[in-house]
Amino acid sequence: MKRYDNTHIKNIALAGHAGSGKTSLTEALLYTAGASDRLGKVLDGNTVSDYTGEEIKRKCSVYTSLSTFERDGLKINLLDSPGLFDYENEAAEAINASGCVMITVSGKSGVKVGTHKAYDRAQAEGKPTMFVVTKLDDDNANFYNTLTQLKAEFGPTVCPVVVPVIADRKIVSYVNLIEMKAYKYVDGKAVETDMPDGDVSEKMEYRIDGLREAVSEAVAETDEALFEKFFSGEAFTQKELTDGIHKGMNEGIITPVTCVSSTTLAGVDMLLKEIDLLLPAPTDNDTKEATAGDDIVEIKNDENAPLAAFVFKTVADPFVGKMSFIKVHAGVLKTGAEVVNATTGNTEKVGKLVYLVGKKQIDVSEVPAGDICVAAKMSANTNDTLCDASRVVKFEPISVPAPCYNLAVKAKAQGDESKIGNAMQRILEEDLTISYKQDEETLEMILSGLGGLHLDSVIGRLKDVFGADVTTSEPKIAYKETIRKKVKVQGRHKKQSGGHGQFGDVWIEFEPCISDELIFEEKVFGGAVPKNFFPAVEKGLQECMKKGVLAGFPVVGVKAILVDGSYHPVDSSEMAFKTAASIAFKEGMKQAEPMLLEPIGSLTVTVPDENTGDIIGELNKRRGRVLGMEPAAKKGLTVVTAEVPYAQMFDFTLILRQMTQGRGYFSIEKARYDQLPANLVAEVIAKNAVVE
Numbered sequence: 016m017k018r019y020d021n022t023h024i025k026n027i028a029l030a031g032h033a034g035s036g037k038t039s040l041t042e043a044l045l046y047t048a049g050a051s052d053r054l055g056k057v058l059d060g061n062t063v064s065d066y067t068g069e070e071i072k073r074k075c076s077v078y079t080s081l082s083t084f085e086r087d088g089l090k091i092n093l094l095d096s097p098g099l100f101d102y103e104n105e106a107a108e109a110i111n112a113s114g115c116v117m118i119t120v121s122g123k124s125g126v127k128v129g130t131h132k133a134y135d136r137a138q139a140e141g142k143p144t145m146f147v148v149t150k151l152d153d154d155n156a157n158f159y160n161t162l163t164q165l166k167a168e169f170g171p172t173v174c175p176v177v178v179p180v181i182a183d184r185k186i187v188s189y190v191n192l193i194e195m196k197a198y199k200y201v202d203g204k205a206v207e208t209d210m211p212d213g214d215v216s217e218k219m220e221y222r223i224d225g226l227r228e229a230v231s232e233a234v235a236e237t238d239e240a241l242f243e244k245f246f247s248g249e250a251f252t253q254k255e256l257t258d259g260i261h262k263g264m265n266e267g268i269i270t271p272v273t274c275v276s277s278t279t280l281a282g283v284d285m286l287l288k289e290i291d292l293l294l295p296a297p298t299d300n301d302t303k304e305a306t307a308g309d310d311i312v313e314i315k316n317d318e319n320a321p322l323a324a325f326v327f328k329t330v331a332d333p334f335v336g337k338m339s340f341i342k343v344h345a346g347v348l349k350t351g352a353e354v355v356n357a358t359t360g361n362t363e364k365v366g367k368l369v370y371l372v373g374k375k376q377i378d379v380s381e382v383p384a385g386d387i388c389v390a391a392k393m394s395a396n397t398n399d400t401l402c403d404a405s406r407v408v409k410f411e412p413i414s415v416p417a418p419c420y421n422l423a424v425k426a427k428a429q430g431d432e433s434k435i436g437n438a439m440q441r442i443l444e445e446d447l448t449i450s451y452k453q454d455e456e457t458l459e460m461i462l463s464g465l466g467g468l469h470l471d472s473v474i475g476r477l478k479d480v481f482g483a484d485v486t487t488s489e490p491k492i493a494y495k496e497t498i499r500k501k502v503k504v505q506g507r508h509k510k511q512s513g514g515h516g517q518f519g520d521v522w523i524e525f526e527p528c529i530s531d532e533l534i535f536e537e538k539v540f541g542g543a544v545p546k547n548f549f550p551a552v553e554k555g556l557q558e559c560m561k562k563g564v565l566a567g568f569p570v571v572g573v574k575a576i577l578v579d580g581s582y583h584p585v586d587s588s589e590m591a592f593k594t595a596a597s598i599a600f601k602e603g604m605k606q607a608e609p610m611l612l613e614p615i616g617s618l619t620v621t622v623p624d625e626n627t628g629d630i631i632g633e634l635n636k637r638r639g640r641v642l643g644m645e646p647a648a649k650k651g652l653t654v655v656t657a658e659v660p661y662a663q664m665f666d667f668t669l670i671l672r673q674m675t676q677g678r679g680y681f682s683i684e685k686a687r688y689d690q691l692p693a694n695l696v697a698e699v700i701a702k703n704a705v706v707e
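Residue numbers in the sequence shown follow this note's numbering, run continuously in steps of one, and reach 707 at the last position.
Below, the structure is given as structure tokens:
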């Protein structure tokens, strides 16, 4: 593949709702451009971009894939991202590296939550957008209903540039509103045909004229001279329309809409033409802010400048090794070059560089500004900035959602813990929305992600790719035990077995207090217990605090005062007094009205306005206490704050997603411990007894 400069490169992220046709569109574009010799299908598991075992098995995208191809003097990098919300991290990475976001919308099912998520993400990152209405070969598809919906939900920036001509409920041709030419498709090939007239549909002719007028009006908004020309009633030239839409996209005031059938390839060639004419090259809008020490600097997309490149994605391949997906923002990235990792401060050598077409690799020796490539076996991680030593800068990391769904995992086979740990370390490098760590209180290994499907993919990958099989369960809740009243008890340990015996005798007062640790005091008078045994008494109590008398949970909120006791000059020892203290503790806990405490979380959940009542009802069912609600920063959303027991939050991620069709999200952090309701104590004790 030849070297392209940054005026002839297009970096496109394909995003949208799950099932809206992103992978099929990628396949159609590659096939039409001649980069693939067959038109694969998702259901057949033979597409270029969905090539991993996990994706073939699930028949959907799980990872963002890179497909590079050449067409009409352009190098096009397609980043096909998953639409399922569990893999939101992948879409975030694709959009970050792109110069434009192409959002697929099914002509059959219309605008969905994933459409909005992709659009909002693109807007937040200042990326131009284009809508592609797909699946027009489906009998139930309706382009014009979808277009109306797009205009209603995304506003006046929506501007159709390719539309179908419909007669007798079938598409007979496609009209390019910029060229004002119609094409019909014969065996996947475009053939110019007559523009629709009254013989086809008077309504259609009116619609085409109206749509052309809407395109001209949108273009007029991009330039004062064009506005005056439009106002005078003069028609725009094809170049004026093309340049106007191109400029409007870069400024975020025009979102073109085109349409295709990836199965029949109808409209795909026109989409390739629009990619060439309308979508921005890196020179148009790819200036990126970075930090240089305490200063903020602008990095322009210039291959003559010092190197500045960003690792936007990492893949841990057990056979190929670590693969770093890199967007070059300035300079030229060369194989074997010494670069500074601005994130770590280390210098490292650039590994083998390749372009990807799905899993196929094309070797390349250097990659200029504006292009995307993959480097093999580098130590750099996602969000690292690689740069020239003469200008050390650091790009802002990609923002991703925090993991919110947890499972406890353990090795199925004894001795596999280290294998699982090594595999998880590699998986954590490539997915920033996964967490894997030990719970300090329950000592379980907790795997966290964005949902059940997300963690199912991780667990499947552990087994299939890394050979590490695990079992999963609902994480234990870190209950604690405490006491409610003050008591005074004796702990006496006496044992005689020939020779020196064991003798320790203590009187200890136990009382409630506010402390996570044991508070120990001594008020012994007259040497009833020698001072040298005080540490042994405290140590015995400290060990008992680890396991309460109700269900074996750690004990908190206890103050112990050693007030009296007795000793034997020969048989007393530190061990004897330690044992006596533990006897006193267990008896004292029983007498001091022990109770269970449960962890309470401070919850912030954001939901669409229409779901506010539903979420409040759901929180009430979960023993939550709603503290308030207020409008969110984004219109149409409400933020609800509440306090909820952690024991009720295991499946909250899944329920919230179902309730809001994926539009709701939440965060939770530990607030405090509260007394567990009496009606639940027996159940918790019984459940823990089974575990024990």
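Beta carbons: idealized from backbone N, C-alpha and C, even for Gly.
Just checking my contact of residue i with residue j at CB under 8 Å: how many whole Å lie between their CB atoms?
i: Ile766; j: Phe549; result: Summary: the structure shown does not reach residue 766, with the chain confined to residues 16 through 707, and so no result is reported for it.
i: Thr448; j: Leu465; result: 5 Å
i: Glu529; j: Gly603; result: A small fix is needed here, since residue 529 is Ile in this sequence, not Glu. The pair is not a contact, with the Cβ atoms about 18 Å apart (cut-off 8 Å).
i: Phe84; j: Leu45; result: 6 Å
i: Arg638; j: Pro660; result: 5 Å
i: Asp95; j: Leu54; result: With 8 Å as the limit, Asp95 and Leu54 do not qualify as a contact, their Cβ atoms being about 15 Å apart.
Please state whether DSSP places residue i in a helix, a strand or coil.
i: Arg687; result: strand
i: Tyr159; result: helix
i: Arg637; result: coil
i: Tyr134; result: helix
i: Ala771; result: Missing from the structure shown is residue 771; the chain here goes from 16 to 707 and no further.
i: Phe251; result: coil
i: Lys328; result: strand
i: Ala30; result: strand
i: Ala697; result: helix
i: Gly567; result: coil
i: Ser775; result: With the chain covering only 16 through 707, there is no way to say anything about residue 775.
i: Phe535; result: strand
i: Glu411; result: coil
Tell me which residues share the same chain as residue i and place their Cβ nearer than 6 Å to its Cβ, disregarding the 5 neighbours each side in the sequence.
i: Lys127; result: His32
i: Thr487; result: Leu422, Val424
i: Glu411; result: none
i: Val355; result: Thr362, Cys402, Ala404, Val407
i: Phe340; result: Phe327, Lys328, Val389
i: Leu441; result: Sequence check: residue 441 is Arg here, not Leu. Answer for Arg441: Ala331, listed in chain order.
Beta-carbon within less than 7 Å of residue i's beta-carbon, same chain only, minus the 5 sequence neighbours each way: which residues are those?
i: Thr278; result: Asp152
i: Met664; result: Gly616, Ile683
i: Arg640; result: Ala657, Glu658
i: Tyr134; result: Ile118, Thr144, Phe169
Indicate whether residue i and residue j have their beta-carbon atoms separated by less than 7 Å.
i: Gly475; j: Glu105; result: no
i: Pro297; j: Asn316; result: yes
i: Pro143; j: Pro295; result: yes
i: Ala591; j: Gln517; result: yes
i: Thr302; j: Glu313; result: yes
i: Ser463; j: Asp520; result: no
i: Ser121; j: Ser35; result: yes
i: Lys554; j: Lys593; result: yes
Tell me where the beta strand (DSSP E) around residue i begins and ends.
i: Cys75; result: Note, Cys75: premise wrong, no beta strand (DSSP E); not H, not E.
i: Pro623; result: 610-623
i: His508; result: 502-510
i: Leu93; result: 89-95
i: Met460; result: 460-464
i: Ile186; result: 185-191
i: Asp378; result: 375-379
What residues in its chain sit with their C-beta under 8 Å from that of residue i, if we drop five residues either side in the sequence?
i: Glu496; result: Gly563, Val564, Leu565, Ala566, Phe568, Pro569, Val570, Val571, Met604, Pro609, Met610, Leu611, Leu612
i: Lys367; result: Thr350, Asp378, Ala390, Ala391, Lys392
i: Glu718; result: Outside the displayed span of the chain (16 to 707) sits residue 718, for which this structure offers no information.
i: Val176; result: Asn191, Leu192, Ile193, Val230, Ile260, Pro271, Val272, Thr273, Glu289, Leu293
i: Glu444; result: Thr329, Ala331, Lys337, Asn396, Thr397
i: Cys115; result: Lys25, Asn26, Ile27, Ala28, Lys142, Pro143, Thr144, Met145, Met264, Leu294, Pro295
Is the Cβ of residue i closer than 7 Å to any Cβ of chain D?
i: Asp224; result: The structure shown contains no chain D, having only a single protein chain.
What residue range is occupied by the uninterrupted alpha helix (DSSP H) comprising residue i?
i: Gly603; result: 589-606
i: Ser472; result: 467-479
i: Ala492; result: The question names Ala, but residue 492 in the sequence shown is Ile. Segment: none, Ile492 is in no alpha helix (DSSP H) and carries neither H nor E.
i: Met744; result: Outside the shown range of the chain (16 to 707) lies residue 744, about which nothing can therefore be said.
i: Thr41; result: 37-47
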